[in-house]
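Read through the structure below, which is laid out as structure tokens, and then see the notes.
Chains as they are written, first to last, in this note's numbering: chain A, 1 to 263; chain B, 1 to 399.
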């Protein structure tokens, strides 16, 4: 059971703010972290490996410093890691990013399951997971909240998953190799061990550029990306609200008076 | 092969680009901006910030493509168990405006089993055409099978624009469709309009948890595709006199992906769960003190016909299932009214609900961050305030 986990380095969203005067990002003290949803993807990969054997490979696409999240994955127990990085990849949108990652996965070749977080906390698109699956013609199951069972002795191998939907959940049986994206409910991620941290420090991380993947230049980066960002701005600021203090009965009365016309 | 460069003669060393760069890739060296290409993601934030046009990004000349044979604004008519999802009516309303601006038609694509009666409903809500695909194999949504048919329809009829709801189904589906068609897709839009001069779709969406808005276009690819956030746009109202055309399309069994089998759908108590579609959400936080006190939240929700939400802390403590969690690692919601009870307002929670139309906060701590984004707030003991509030609302609504 060989598993590839796709992860992303993101700025800690909780700290990204826009300066209302200059309309620019305030970046001071903003750390880079593993995308929160990807921590569940890593954990699920490790649990499946521990139960069924095989190996977990972590992969990320990004600038050279994105290597840090791969070391995090190794410290948690991933067996190996690959950084997909090239200046030619910069500016890629979800279409091109999923193409690049799919080419890297094709190069890895030997995998049964690809696991992604349901979306990244900076872009919030949830498009790259299904995008990779489509480029590779893999079946997909998104928003997985539970892996019900895994049948490796059948032909073909299959996985049974529960997908979290708006009104409940759905059970799907999917043939491997497949791609799943996971939600927080699926597990509780472990903390890195001291041994893991030591291992991560010295681990060798492969770096693949476009010379390794050989993708046509007009399909990657700004040129290959169908979407273009034309403007970035801060959302309209909320004006200060009305806050009532005092006796409960009094405050409730004031509040109800304010909102009764809109109910 | 550097695509981005600073024109040194134009750069005044003002430093605006340094502030604008989200990845910390620009430094001033000898009073000129210098870009670290290992960090730069070509996001173009610096281009916008520069008042002197001193930063350039080179891209290959694109061949101008002729898109004159792409016509119509399409809406994916998501449905389950024979009911059209409410977000579809919001999409139809927006599609109508876009189509009018482009002087073209609105079409809905409706896939399912025995779903024909719903085609009329789509016409009444603004569709000029409904492409209807009925098959027992389409009874349950399967991304792969739906994608295959929709890609076929796009190739055959060539729409300019395709919209879907930013739901679990919508996002899973059109991500595949966009890759298959090699076209642009923008996720979770909160604004859509036509650039009337260029006749292209301008899409506005939040990023970084709603702290930043971005405008995105896809001028050189068709169809221009977007998923749209629920509850942001008004619904199209039905007009029983509207006429439209229903065009039947076959579903070929070759479009079935045999690698995926639908097994079961388990519905949860929708009246208390469906956060995405609720007009009002009542959410509880750690201030409730324990799982038994979610009763208070549920009662308030019931008197308002609202859904029940929760902060992460309560989910992690096992007080309420994950499907109720609002916030960064839960759901992003956008109801008309969001009532936060005993929620302090950690930024992880705020990013999941701050775009709600009206926010009401009840918390005993006057310094709680939730009050900074609340339209109305009560500082007080929620165990006293909420029952009073629920009672008054009940009286008000029964009148």
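Glycine included, C-beta positions come from ideal geometry on N, C-alpha and C.
Being a predicted model, the structure only gives us computed values, none of them experimental.
For residue 262 (chain B) and residue 140 (chain B), the rounded distance between their alpha carbons | 7 Å
Residues bridged to residue 76 (chain B) (per DSSP) = B:109
Presumed contact (8 Å Cβ cut-off) between residue 48 (chain A) and residue 129 (chain A), rounded CB distance = Not confirmed; about 17 Å, so no contact.
Residues of chain A with CB under 9 Å from residue 366 (chain B), in chain order?
-> 243 and 245
Since residue 379 (chain B) meets chain A, which of its residues come closer than 9 Å, beta carbon to beta carbon?
-> 243, 244, 245, 246 and 251
Step through the CB atoms of chain A and report whether any lies within less than 9 Å of the CB of residue 51 (chain B).
-> no
Identify the residues that DSSP records as bridge partners of residue 116 (chain A): which are they?
-> A:6 and A:181
Of all the options A:93, A:248 and A:52, which has the alpha carbon lying nearest to the alpha carbon of residue 149 (chain A)?
-> A:52
What did DSSP end up calling residue 319 (chain B) once you bin it into helix, strand or coil?
-> coil
Give the residues of chain A in contact with residue 93 (chain B), contact being defined as C-beta atoms less than 7 Å apart.
-> Those within 7 Å of residue 93 (chain B) in chain A number zero; the least Cβ separation is about 20 Å.
Whole-angstrom Cβ separation of residue 281 (chain B) and residue 333 (chain B), contact assumed at under 8 Å?
-> 6 Å
Using a threshold of 9 Å, state whether the C-beta atoms of residue 326 (chain B) and residue 303 (chain B) are closer than that.
-> no
Between the beta-carbon of residue 412 (chain B) and the beta-carbon of residue 379 (chain B), is there less than 9 Å?
-> Only positions 1 to 399 of chain B appear in the structure, and residue 412 (chain B) is not among them; the question remains open.
Given a threshold of 16 other Cβ atoms within 10 Å of its Cβ, counted over all protein chains shown, does residue 353 (chain B) qualify as buried or as exposed?
-> buried
Under 9 Å Cβ-Cβ, which residues of chain A neighbour residue 57 (chain B)?
-> 91 and 222
What residues in its chain sit with their C-beta under 6 Å from that of residue 200 (chain A), if we drop five residues either side in the sequence?
-> 71, 74 and 75
Could you run through the region 124 to 155 of chain B and flag, in chain order, every residue whose CB is less than 9 Å away from some CB of chain A?
-> 140, 141, 142, 143, 144 and 147
C-beta contact flag for residue 99 (chain A) and residue 131 (chain A) at 9 Å | yes
Measure how close the beta-carbons of residue 145 (chain B) and residue 255 (chain B) come, nearest whole angstrom, since I'm counting them as under 8 Å.
-> 6 Å
How far does the alpha helix (DSSP H) with residue 349 (chain B) in it reach, from first residue to last?
-> 347 to 350
Runs of alpha helix (DSSP H) wholly within the region 197 to 251 of chain A (minimum 4 residues, chain order) | 210 to 213 and 221 to 224
Output the distance between the C-alpha atoms of residue 20 (chain B) and residue 5 (chain B), rounded to the nearest integer angstrom.
-> 16 Å
If you follow the beta strand (DSSP E) that residue 135 (chain A) is part of, which residue opens it and which one closes it?
-> Run containing residue 135 (chain A): none in the beta strand (DSSP E); it sits in the alpha helix (DSSP H), 128 to 135.
Of the residues B:23, B:39 and B:15, which one's Cα is nearest the Cα of residue 30 (chain B)?
-> B:15
Cutoff 9 Å: residue 358 (chain B) Cβ touching any chain A Cβ | yes
Between which two residues does the alpha helix (DSSP H) harbouring residue 181 (chain B) extend?
-> 168 to 181
Under 9 Å between C-beta atoms, does residue 11 (chain A) make it to chain B?
-> yes
Compare the C-beta of residue 277 (chain B) against all C-beta atoms of chain A and say whether one is closer than 9 Å.
-> yes
Tell whether a beta-carbon distance below 9 Å holds between residue 209 (chain B) and residue 358 (chain B).
-> no
Can you pull the DSSP bridge partners for residue 213 (chain B)?
-> A:233 and B:206
Would you please state the rounded distance, in angstroms, between the beta carbons of residue 236 (chain B) and residue 89 (chain B)? I believe it to be under 8 Å.
-> 5 Å
Out of curiosity, what's the CA-to-CA distance linking residue 170 (chain B) and residue 227 (chain B)?
-> 7 Å
Beta carbon of residue 23 (chain B) nearer than 9 Å to that of residue 40 (chain B) | yes
Integer-rounded CB distance, given that residue 232 (chain A) should sit under 8 Å from residue 214 (chain B) = 5 Å
Note down the Cα distance separating residue 247 (chain A) from residue 376 (chain B), rounded to an integer number of angstroms.
-> 16 Å
Test: residue 388 (chain B) CB closer than 9 Å to a CB of chain A | yes
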